[in-house]
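Asker: Per full-length UniProt numbering: the sequence shown = residues 1 to 568.
This is the structure, below, for whatever I ask next.
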Amino acid sequence: MIFICPAEPQPVNDDAPPADGESGNTSLSGLFVEKPPEAIVGVAGTDLTIIAKVDSTTLTRKPTMKWLKGKWMDLGSKAGKHMQFKETYDRNTKIYTYEMKIIKLVAGDSGGFRCEVTAKDKCDSSTFQISVEAAQQDTQQADILSAFKRADGGEDDGNLDFSALLKATKKKKIVEIPEIDVWELLKNAHPSEYEKIAFEYGITDLRGMLKRLKKMKVVAPKNSEAFLKRLDSCYSVEKGKKIVLRCEVVDPDVQVKWLKNGQEIKPSAKYIMECLGNVRTLAINRASLADDAAYECVVGEDKCFTEVFVKEPPVTITKLMDDYHVVVGERVEFEIEVSEEGAHVMWFFEDIELVKDTDCTKFRFKKDGIKHTLIILEATLNDIGMYHAWTNGGHTKGELEVEEKQLEVLQDIADLTVRATDQALFKCEVSDEKVTGKWFKDGVEVVESDRIKMTHIGRFHRLLIDNVKPEDAGDYTFIPDGYALSISAKLNFLEIKVDYVPRQDPPKIHLDTTGNMVSQNTIIVVAGNKLRLDVEITGEPAPTCVWTKGDKQITESEGRIRVEARKT
1 MIFICPAEPQ
11 PVNDDAPPAD
21 GESGNTSLSG
31 LFVEKPPEAI
41 VGVAGTDLTI
51 IAKVDSTTLT
61 RKPTMKWLKG
71 KWMDLGSKAG
81 KHMQFKETYD
91 RNTKIYTYEM
101 KIIKLVAGDS
111 GGFRCEVTAK
121 DKCDSSTFQI
131 SVEAAQQDTQ
141 QADILSAFKR
151 ADGGEDDGNL
161 DFSALLKATK
171 KKKIVEIPEI
181 DVWELLKNAH
191 PSEYEKIAFE
201 YGITDLRGML
211 KRLKKMKVVA
221 PKNSEAFLKR
231 LDSCYSVEKG
241 KKIVLRCEVV
251 DPDVQVKWLK
261 NGQEIKPSAK
271 YIMECLGNVR
281 TLAINRASLA
291 DDAAYECVVG
301 EDKCFTEVFV
311 KEPPVTITKL
321 MDDYHVVVGE
331 RVEFEIEVSE
341 EGAHVMWFFE
351 DIELVKDTDC
361 TKFRFKKDGI
371 KHTLIILEAT
381 LNDIGMYHAW
391 TNGGHTKGEL
401 EVEEKQLEVL
411 QDIADLTVRA
421 TDQALFKCEV
431 SDEKVTGKWF
441 KDGVEVVESD
451 RIKMTHIGRF
461 HRLLIDNVKP
471 EDAGDYTFIP
481 DGYALSISAK
491 LNFLEIKVDY
501 VPRQDPPKIH
511 LDTTGNMVSQ
521 NTIIVVAGNK
531 LRLDVEITGE
541 PAPTCVWTKG
551 DKQITESEGR
561 IRVEARKT
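Written as structure tokens, this is what we have:
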């Protein structure tokens with residue numbers, strides 16, 4: 001449901017008060033070209049989108065838009081799953097379009113709203129009323145059945161919702177609600193009315209407000225002799241802005257003390273104290289969240305109290321989340337950047353908030369200045385879906401797609417043919433160095449031994465067999481764990497047979513007669529001298545040697561003429 005309405009020109013009012021954070025020279029101008037209707041009726045359980053448009057043709061800088069509920073509640077700090085804000089700019093027409101979207105209206109969304117736009121010395125505002133009615137049904141029978149079902153369920157789906165049935169019997173009336181100071185309302189209300197007020201005015205942190213309210217009620221004195229005018233019951237200031245606490249005393253010459261959470265404040269560049277006649281002021285420059293506290297002005301034994309609430313400006317997301325497409329086991333980092341350091345960022349997977357205790361083995365959260373990162377250590381198929389990051393002023397999302405990892409064989413196993421006592425090495429390479437696996441021989445897993453070794457280094461898997469034996473022959477297969485893949489090769493054993501053939505070499509006689517021969521086959525010796533003939537004989541098989549003189553064989557091994565036989 002979307003509501004827009006053309007705006008009527010606004011008269012300039014030079015006496016209009018300045019908007020928060022602007023100088024006193026700001027004047028009311030007709031900046032809106034389209035305003036929300038004054039009265040808007042929404043249906044419970046449906047979404048409501050409210051649109052306002054601003055013409056920037058006469059502006060020197062970008063306008064700033066605020067959405068408020070009641071008198072004081074800045075809705076920018078409520079941005080999240082229930083309230084979303086969007087801003088777009090048309091360069092051709094120079095028109096800014098601002099949207100406030102309320103997801104699934106509830107009765108607590110009823111009330112008075114205001115949108116304010118400021119740009120340096122110009123401002124404009126528009127008020128409107130939202131009323132939430134129960135959903136209409138065609139028949140009484142349909143009313144009863146539908147009230148028990150969730151809006152997003154099927155015919156047989158959904159949890160019973162008795163509150164919806166009760167709401168369906170009452171039709172909410174449109175009531176003009178004047179702007180009310182909720183603090184004053186709570187201070188004067190009976191405790192039994194607290195929840196009703198919180199529900200009607202959209203207060204989400206009722207417990208925190210009541211704690212602060214209790215302090216204010218306890219310490220507030222009834223009568224005062226030292227003060228003409230006490231401090232206001234509470235002050236509200238935006239982070240980084242200046243705020244002045246003011247009271248009036250009876251004695252213009254009296255000295256006062258200022259306390260913060262019971263501790264005395266010393267004058268400094270941060271805290272400036274002034275005395276002007278009966279007026280005593282404490283100025284706090286550049287308010288931070290540390291200045292959100294209880295303050296006292298003390299005169300002798302008398303004192304007055306106040307509470308300062310520091311409103312943190314909406315944190316916007318300056319760098320949006322990217323989509324990711326990864327395979328199983330890969331690391332994913334969803335990174336965003338926000339407008340301010342130290343901002344609180346909520347992470348969601350679909351509609352489930354991710355916190356540090358969600359699954360510390362899977363998710364990690366990292367903060368580095370304005371950068372916030374959600375880390376998924378090893379993605380699985382269960383992580384597929386939409387991831388969201390929320391701040392109090394922005395939202396971004398990114399989709400994660402995870403697919404099964406495909407393993408590639410970069411180097412196959414080669415067949416081997418080896419001889420006895422040789423070494424056999426099977427080696428393969430796959431695309432993922434983290435993948436483990438097993439080796440098999442003829443379908444039976446290989447077991448390591450002193451002779452058989454298996455190694456895995458990076459992407460390489462090796463099987464080494466030392467001193468190969470005939471029984472090592474067979475089909476070898478490597479199967480990676482977790483994949484329907486196998487890599488196979490064959491080991492062939494080469495058996496060598498040697499037939500013995502006796503060596504044959506014809507007999508040869510080697511007679512060295514150097515210096516004694518005067519002619520071939522003639523030896524001359526001197527009578528009475530000794531004659532020794534050493535003759536080397538070779539041949540395979542070993543030849544038989546016979547000595548003869550003339551026709552007579554010499555066989556004697558003793559005597560003057562004798563034969564000595566040695567191996568060679």
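Where is the CB? At the ideal position from N, CA and C, for every residue including glycine.
Quick one: using the 10 Å Cβ neighbour count with 16 as the cut-off for buried, is Ile352 buried or exposed?
Answerer: The residue you call residue 352 lines up with position 352 of the sequence shown. Label assigned to Ile352: exposed.
Asker: Keeping to the same chain, check which residues put their C-beta closer than 8 Å to that of Arg286; ignore five residues upstream and five downstream.
Answerer: As a working note, residue 286 is residue 286 in the sequence shown. Excluding positions up to five away in sequence, the list reads Gly240, Lys241, Lys242 and Lys270.
Asker: Leaving out the 5 sequence neighbours to the left and right, which residues in its chain are closer than 7 Å to Asp74 when beta-carbon positions are compared?
Answerer: Within the sequence shown, numbered from 1, the residue matching residue 74 stands at position 74. Sequence-distant partners of Asp74 (beyond 5 residues in either direction) whose C-beta falls short of 7 Å from its own C-beta, in its chain, are Lys66, Leu68 and Lys311.
Asker: Can you give me the Cβ contacts of Leu531 inside the same chain, cut-off strictly under 7 Å, excluding the 5 residues immediately before and after it?
Answerer: Here residue 531 corresponds to residue number 531 of the sequence shown, with the count starting at 1. Within the same chain, Leu531 has close Cβ partners Val525.
Asker: Does the Cβ of Val132 have 16 or more other Cβ atoms within 10 Å, making it buried, or fewer, making it exposed?
Answerer: Here residue 132 refers to the residue found at position 132 of the sequence shown. Buried, since its Cβ has 16 or more Cβ neighbours within 10 Å.
Asker: Per the DSSP calculation, Pro480 is bridged to which residue(s)?
Answerer: As a working note, residue 480 is residue 480 in the sequence shown. The partner list for Pro480 (beta bridge, DSSP) reads Gly437.
Asker: Can the beta-carbon of Glu337 be found less than 7 Å from the beta-carbon of Lys319?
Answerer: On the sequence shown, residue 337 is found 337 positions in, with the first residue counted as 1. On the sequence shown, residue 319 is found 319 positions in, with the first residue counted as 1. Yes, the Cβ-Cβ distance between Glu337 and Lys319 is below 7 Å.
Asker: Can you have a look at Asn467 and say buried or exposed, based on whether 16 or more other CB atoms are within 10 angstroms of its CB?
Answerer: Sequence index remark: in the sequence shown, residue 467 carries index 467 (1-based). Under this definition Asn467 is an exposed residue.
Asker: Span of the beta strand (DSSP E) holding residue 623?
Answerer: Any answer about residue 623 is impossible in this case: the structure gives the chain only from 1 up to 568.
Asker: With DSSP collapsed to three states, give me the class of Pro470.
Answerer: In the sequence shown, counting from the first residue as 1, residue 470 sits at position 470. Reduced to three states, the DSSP call for Pro470 is helix.
Asker: Would you decide whether Arg562 is buried or exposed? Buried here means 16 or more other CB atoms lie within 10 Å of its CB.
Answerer: Looking up residue 562 in the sequence shown gives position 562. Counting Cβ neighbours within 10 Å, Arg562 comes out exposed, since fewer than 16 surround it.
Asker: So for Gly76, helix, strand or coil by DSSP?
Answerer: Counted from its first residue, the sequence shown places residue 76 at position 76. Gly76 falls in the helix class under three-state DSSP.
Asker: The beta strand (DSSP E) with Asn492 in it runs from where to where?
Answerer: Counted from its first residue, the sequence shown places residue 492 at position 492. From DSSP, the beta strand (DSSP E) with Asn492 extends over Ile487 to Leu494.
Asker: Contact check, Gly539 vs Pro502 under 8 Å by CB: the rounded distance?
Answerer: Numbered from its first residue, the sequence shown carries residue 539 at position 539. Numbered from its first residue, the sequence shown carries residue 502 at position 502. Actually they do not touch by this definition, with Cβ atoms about 13 Å apart.
Asker: Within 10 Å of its beta-carbon, does Thr555 have 16 or more other beta-carbons around it, so buried, or fewer, so exposed?
Answerer: On the sequence shown, residue 555 is found 555 positions in, with the first residue counted as 1. Exposed: under 16 other Cβ atoms inside 10 Å.
Asker: Taking C-alpha atoms, which residue in Gln423, Phe460 and Glu445 lies nearest to Val430?
Answerer: Within the sequence shown, the letter at position 430 stands for residue 430. The shortest C-alpha separation from Val430 is found at Phe460.
Asker: Going along the chain, which residues of its own chain have a beta-carbon closer than 7 Å to the beta-carbon of Gly45, five neighbours each way excluded?
Answerer: Residue 45 sits at position 45 when you count from the first residue of the sequence shown. Answer for Gly45: Lys104, Leu105, Ala135 and Ala151, listed in chain order.
Asker: Rounded to whole angstroms, how far is the Cβ of Ile370 from the Cβ of Glu404, which I believe are closer than 8 Å?
Answerer: Indexing the sequence shown from 1 puts residue 370 at position 370. Indexing the sequence shown from 1 puts residue 404 at position 404. With a Cβ gap of about 36 Å, Ile370 and Glu404 do not count as contacting.
Asker: Rounded to whole angstroms, how far is the Cβ of Val308 from the Cβ of Asp323, which I believe are closer than 8 Å?
Answerer: Here residue 308 corresponds to residue number 308 of the sequence shown, with the count starting at 1. Here residue 323 corresponds to residue number 323 of the sequence shown, with the count starting at 1. So it is not a contact: roughly 44 Å between Cβ atoms.
Asker: Is the beta carbon of Val249 closer than 7 Å to that of Val299?
Answerer: Against the sequence shown, residue 299 aligns to sequence position 299. Against the sequence shown, residue 249 aligns to sequence position 249. Taking 7 Å as the Cβ cut-off, Val299 and Val249 qualify as a contacting pair.
Asker: Run through DSSP, which three-state label would Leu320 get?
Answerer: Here residue 320 corresponds to residue number 320 of the sequence shown, with the count starting at 1. Coil.
Asker: Take the Cβ of Thr316 as the centre, count every other Cβ of all protein chains shown within 10 Å, and call the residue buried at 16 or more, exposed below.
Answerer: Position 316 of the sequence shown holds residue 316. Burial call: buried.
Asker: What do you get for Tyr96, buried or exposed, if any count of 16 or more other CB atoms within 10 angstroms of its CB means buried?
Answerer: Along the sequence shown, one-based indexing puts residue 96 at 96. Burial call: buried.
Asker: Using only alpha-carbon positions, find the residue among Phe128, Thr391 and Asn278 that is nearest to His82.
Answerer: Position 82 of the sequence shown holds residue 82. Considering only alpha carbons, the answer is Thr391.
Asker: Where in the segment 338-388 do unbroken runs of the beta strand (DSSP E), each at least 3 residues long, occur, reported from the N-terminal end onward?
Answerer: Complete beta strand (DSSP E) runs here, min 3: 346-349, 352-354, 363-368 and 371-376.
Asker: For Arg364, verify whether its CB is less than 6 Å away from any heavy atom of the ligand NAP.
Answerer: Among the ligands in the structure shown, none appear at all, so the ligand NAP cannot be discussed.
Asker: Rounded to whole angstroms, how far is the Cβ of Glu225 from the Cβ of Asp302, which I believe are closer than 8 Å?
Answerer: Walking along the sequence shown from the start, residue 225 turns up at place 225. Walking along the sequence shown from the start, residue 302 turns up at place 302. About 6 Å; that satisfies the 8 Å criterion.
Asker: Report the rounded CA-to-CA distance for Ile4 versus Ile50, giving the unit in angstroms.
Answerer: Numbered from 1 along the sequence shown, position 4 holds the residue referred to as residue 4. Numbered from 1 along the sequence shown, position 50 holds the residue referred to as residue 50. Residue placement at Ile4 cannot be trusted, given a pLDDT of 48 that sits under 50; what the coordinates show is reported in the next sentence. Per the coordinates, the alpha-carbon of Ile4 lies some 6 Å from the alpha-carbon of Ile50.
Asker: By how many angstroms is the C-alpha of Met100 removed from the C-alpha of Asp47?
Answerer: The residue you call residue 47 lines up with position 47 of the sequence shown. The residue you call residue 100 lines up with position 100 of the sequence shown. Asp47 and Met100: Cα-Cα distance of roughly 11 Å.
Asker: Are the segment 420-434 and the segment 374-381 touching, with three or more C-beta to C-beta distances below 8 Å?
Answerer: no
Asker: Would you identify the three-state DSSP class for Leu185, choosing helix, strand or coil?
Answerer: Taking the first residue of the sequence shown as 1, we reach residue 185 at position 185. Leu185: helix per DSSP, three-state reduction.
Asker: Can you have a look at Gly437 and say buried or exposed, based on whether 16 or more other CB atoms are within 10 angstroms of its CB?
Answerer: Stepping through the sequence shown from its first residue, residue 437 is reached at position 437. Counting Cβ neighbours within 10 Å, Gly437 comes out buried, since at least 16 surround it.
Asker: Between Glu330, Pro36 and Asn492, which lies nearest to Phe426 when the distance is taken from Cα to Cα?
Answerer: Taking the first residue of the sequence shown as position 1, residue 426 is located at position 426. That would be Asn492, whose Cα lies nearest to the Cα of Phe426.
Asker: Check the C-beta distance from Tyr295 over to Thr306 and give it rounded, since I have them as a contact under 8 Å.
Answerer: As a first step, residue 295 must be located in the sequence shown, where it is residue number 295. As a first step, residue 306 must be located in the sequence shown, where it is residue number 306. Right, the Cβ-Cβ distance comes to about 5 Å (below 8 Å), so this counts as a contact.
Asker: Rounded to the nearest angstrom, what separates Ala565 and Ser557 at their Cα positions?
Answerer: For the purposes of this step, residue 565 is taken as residue 565 along the sequence shown, with counting starting at 1. For the purposes of this step, residue 557 is taken as residue 557 along the sequence shown, with counting starting at 1. Straight-line Cα distance between these residues: approximately 9 Å.
Asker: Taking Asp302 as part of the beta strand (DSSP E), name the residues at either end of that continuous run.
Answerer: Taking the sequence shown and counting its residues from 1, one reaches residue 302 at position 302. Per DSSP, Asp302 belongs to the beta strand (DSSP E) from Asp302 to Lys311.
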